[in-house]
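> Questions regarding the structure given below will be posed in turn.
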Ligand code: TXA
Ligand code: MG
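Numbering (our numbering), first residue to last: 6 to 347.
Here you go:
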């Protein structure tokens, strides 16, 4: 299969030729990679069991790990969610469209391949205009995991999708880099409380304005995660990653003292300023700029692994606000290799 790449701008509508072609392919059961505000998704008709199964095959993903359904708004949710509580309504009114996925009891319309055989379904309404136009044009919810080979960093631009899925997906819609850079928050509501299964850009701090929030204990290392995807090897580049954790100054000092030119460094500009000229760095921006760090994370891992290096050192940040999502991904990419410095 030859992969076709079509460039689209964010100003696109459901009747744009590239969107119409992509929507027709989805309806015919083909896969289409498309941009969202978080990461690129590998889309399939979310009401077709066969199409959803093709997603697992293309990614090399275990089939017990369920997919997220992408809708173009609140109305389409009713085709796939059996019941919606007042708290869920409030969260959707506040955060949709955007990077918040909610887990609902599913309707009979949702095929088993989407849910991994379970009776719940994860749904979100992406805010990226290309994603929204594509869902509307397709007229069905789109099942889409991140458009990477299973275990690899998620793609935040079309080149990264090509790297992992060239010849495995017929069409990629290319709208440039994603603005958020880490996957959506996955959460479920029960008894007026919110549980976060996967941290994302809709943070625990933001959600706690609506109801008490707890974090799935499995995310911090105990028990089986509620989001099945959390238990697998994840986000890993082809070279080992180590996180350096401590105050910014302590980390910068430690990285300089321990410097080697066969290492790649994912660091803030403050830390990069202390490394020798010619170091293999990927700089996210100012140390305090969490948005820039989230946006850069996966591109940094895939760019640095392509350089003449044997391992990657990454500067850690506090796991609060957006830092919780960043560190959740980075810790998995690092296989829990963390160095604490003072
Ligand atoms: O930002 C995103 O969410 C991206 C873009 C493409 O929208 N998609 C994405 O999909 O990250 P994926 O398949 O890579 O991750 C889906 C996560 C997995 O951790 C999965 O286990 C969890 O959502 N999940 C899906 N359905 C679930 C369910 N019914 N209950 C609990 N967790 C679920
Ligand atoms: Mg993924």
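Positions of the beta carbon are idealized from the N, C-alpha and C atoms, including for glycine.
Since the structure is predicted, the reported quantities are computational estimates derived from the model, not experimental observations.
In angstroms, rounded to a whole number, what distance separates the CA positions of residue 71 and residue 313?
Locating residue 71 in the chain shown gives position 66, counting from the first residue. Locating residue 313 in the chain shown gives position 308, counting from the first residue. If you take the alpha carbons of residue 71 and residue 313, they lie about 36 Å apart.
> Less than 7 Å between the CB of residue 131 and some heavy atom of the ligand TXA, yes or no?
Here residue 131 corresponds to residue number 126 of the chain shown, with the count starting at 1. Checking every heavy atom of the ligand TXA against the Cβ of residue 131, one is found closer than 7 Å.
> Applying the criterion that 16 or more other CB atoms from any shown protein chain within 10 Å of the CB defines a buried residue, is residue 353 buried or exposed?
For residue 353 there is no data in the structure shown, the boundaries of the chain being 6 and 347.
> Taking the Cβ atom as the reference point for each residue, do residue 327 and residue 184 lie within a distance shorter than 8 Å?
Position 322 of the chain shown holds residue 327. Position 179 of the chain shown holds residue 184. No, these two residues do not count as a Cβ contact at 8 Å.
> Can you tell me which of the three DSSP states residue 312 falls into?
Mapped onto the chain shown, residue 312 falls at position 307. In the structure shown, residue 312 sits in coil (DSSP, three-state: anything other than H, G, I, E or B).
> Ends of the alpha helix (DSSP H) at residue 262?
Translated into positions along the chain shown, residue 262 becomes position 257. 253-262 is the extent of the alpha helix (DSSP H) around residue 262.
> Three-state secondary structure (DSSP) at residue 243?
Reading the chain shown from its first residue, position 238 is the one you call residue 243. Looking at residue 243 - three-state DSSP - the assignment turns out to be coil, as it is neither helix nor strand.
> If we ignore side chains and look at the alpha-carbon of each, how far apart do residue 333 and residue 246 end up?
Counting from one through the chain shown, the residue named residue 333 turns up at place 328. Counting from one through the chain shown, the residue named residue 246 turns up at place 241. When rounded, the distance between both Cα atoms is 14 Å.
> Considering only heavy atoms of the ligand MG, does any lie closer than 7 Å to the CB of residue 158?
On the chain shown, position 153 is the one that residue 158 refers to. No - the ligand MG has no heavy atom lying nearer than 7 Å to the Cβ of residue 158.
> With a threshold of 8 Å on Cβ separation, who are the neighbours of residue 198 within its own chain once the five nearest residues in sequence on each side are excluded?
Counted from its first residue, the chain shown places residue 198 at position 193. Excluding positions up to five away in sequence, the list reads 216, 217, 218 and 219.
> Using three-state DSSP, classify residue 276 as helix, strand or coil.
Within the chain shown, numbered from 1, the residue matching residue 276 stands at position 271. Residue state, collapsed to three classes: helix.
> Look up residue 267 in the DSSP assignment and say whether it is helix, strand or coil.
Counting from one through the chain shown, the residue named residue 267 turns up at place 262. Three-state DSSP puts residue 267 in coil, outside helix and strand.
> Less than 8 Å between the C-beta atoms of residue 135 and residue 13, yes or no?
Indexing the chain shown from 1 puts residue 135 at position 130. Indexing the chain shown from 1 puts residue 13 at position 8. The answer is yes: Cβ separation under 8 Å.
> Below 8 Å between beta carbons: does that hold for residue 73 and residue 106?
Here residue 73 refers to the residue found at position 68 of the chain shown. Here residue 106 refers to the residue found at position 101 of the chain shown. Yes, Cβ-Cβ distance for residue 73 and residue 106 is below 8 Å.
> Can you confirm whether the region 267-280 touches the region 162-176 when touching is taken to mean that 3 or more C-beta pairs between the two stretches lie within less than 8 Å?
Result no; under three Cβ-Cβ pairs closer than 8 Å.
> Excluding the 5 residues preceding and the 5 following residue 153 in the sequence, name in chain order all residues of the same chain whose CB lies nearer than 6 Å to its CB.
As a position in the chain shown, residue 153 is number 148, starting the count at 1. Counting only Cβ-Cβ distances below 6 Å, and skipping sequence neighbours, we find 159, 160 and 169.
> Hey, out of 196, 175 and 117, whose CA is closest to residue 58's CA?
One-based indexing of the chain shown puts residue 58 at position 53. Considering only alpha carbons, the answer is 117.
> Please report the distance separating the alpha-carbon of residue 62 from that of residue 40.
Locating residue 62 in the chain shown gives position 57, where the first residue counts as 1. Locating residue 40 in the chain shown gives position 35, where the first residue counts as 1. Straight-line Cα distance between these residues: approximately 20 Å.
> Residue 102 and residue 137 - do their beta-carbons sit closer together than 8 Å?
Position 132 of the chain shown, counted from the start, is the residue given in the question as residue 137. Position 97 of the chain shown, counted from the start, is the residue given in the question as residue 102. Yes.
> What does a CB cutoff of less than 7 Å around residue 412 pick up in its chain, not counting 5 residues either side in sequence?
Residue 412 lies beyond the residue range present for the chain, which begins at 6 and ends at 347; the question has no answer from this structure.
> Taking the CB atoms as reference points, tell me whether residue 256 and residue 191 lie closer together than 8 Å.
One-based indexing of the chain shown puts residue 256 at position 251. One-based indexing of the chain shown puts residue 191 at position 186. No, Cβ-Cβ distance for residue 256 and residue 191 is not below 8 Å.
> Please report how far the alpha carbon of residue 287 lies from the alpha carbon of residue 339, in whole angstroms.
Along the chain shown, read from residue 1 onward, the residue named residue 287 stands at position 282. Along the chain shown, read from residue 1 onward, the residue named residue 339 stands at position 334. Cα to Cα, residue 287 sits roughly 16 Å from residue 339.
> If you count every other CB in all the chains shown that lies within 10 Å of the CB of residue 93, and 16 or more means buried, which is it?
In the chain shown, the residue the question calls residue 93 occupies position 88. It counts as buried.
> Let me know the secondary structure DSSP gives residue 286 once reduced to three states.
In the chain shown, the residue the question calls residue 286 occupies position 281. The answer is strand: DSSP assigns residue 286 an E or B state.
> If the criterion is Cβ atoms closer than 8 Å, does the pair residue 205 and residue 291 meet it?
The residue you call residue 205 lines up with position 200 of the chain shown. The residue you call residue 291 lines up with position 286 of the chain shown. No, they are not a contact pair.
> Does residue 12 come out as helix, strand or coil in the three-state DSSP assignment?
In the chain shown, counting from the first residue as 1, residue 12 sits at position 7. Strand at residue 12.
> Name the two residues that bound the continuous beta strand (DSSP E) containing residue 329.
Within the chain shown, numbered from 1, the residue matching residue 329 stands at position 324. Here residue 329 belongs to no beta strand (DSSP E); instead the alpha helix (DSSP H) covers 327-338.
> What I want to know is whether the C-beta of residue 150 ends up closer than 7 Å to one or more non-hydrogen atoms of the ligand TXA.
By one-based count along the chain shown, residue 150 stands at place 145. Residue 150: yes, Cβ under 7 Å from the ligand TXA.
> Buried or exposed: which applies to residue 65, given that a residue is buried once 16 or more other Cβ atoms fall within 10 Å of its Cβ?
Reading the chain shown from its first residue, position 60 is the one you call residue 65. Classification for residue 65: exposed.
> Go to residue 117, then tell me how far its beta strand (DSSP E) extends in each direction, as first and last residue.
For the purposes of this step, residue 117 is taken as the residue at position 112 of the chain shown. Per DSSP, residue 117 belongs to no beta strand (DSSP E); it is in the alpha helix (DSSP H), 117-120.
> DSSP puts residue 203 in a beta bridge; with which residues?
Position 198 of the chain shown holds residue 203. BP columns for residue 203 point to 191.
> Give me the residue from 315, 51 and 96 with the minimum Cα distance to residue 268.
One-based indexing of the chain shown puts residue 268 at position 263. The candidate whose alpha carbon is nearest that of residue 268 is 315.
> Over the uninterrupted beta strand (DSSP E) stretch that includes residue 344, give me the two end residues.
Against the chain shown, residue 344 aligns to sequence position 339. Note, residue 344: beta strand (DSSP E), 343-345.
> Mind checking whether residue 84 and residue 146 have CB atoms under 8 Å apart?
To locate residue 84, count along the chain shown from 1; it is residue 79. To locate residue 146, count along the chain shown from 1; it is residue 141. Yes; because the gap between Cβ atoms is below 8 Å, this pair is in contact.
> From this set, 341, 129 and 21, which residue's C-alpha is nearest residue 224's C-alpha?
The count along the chain shown starts at 1 and reaches residue 224 at position 219. Closest by alpha carbon: 341.
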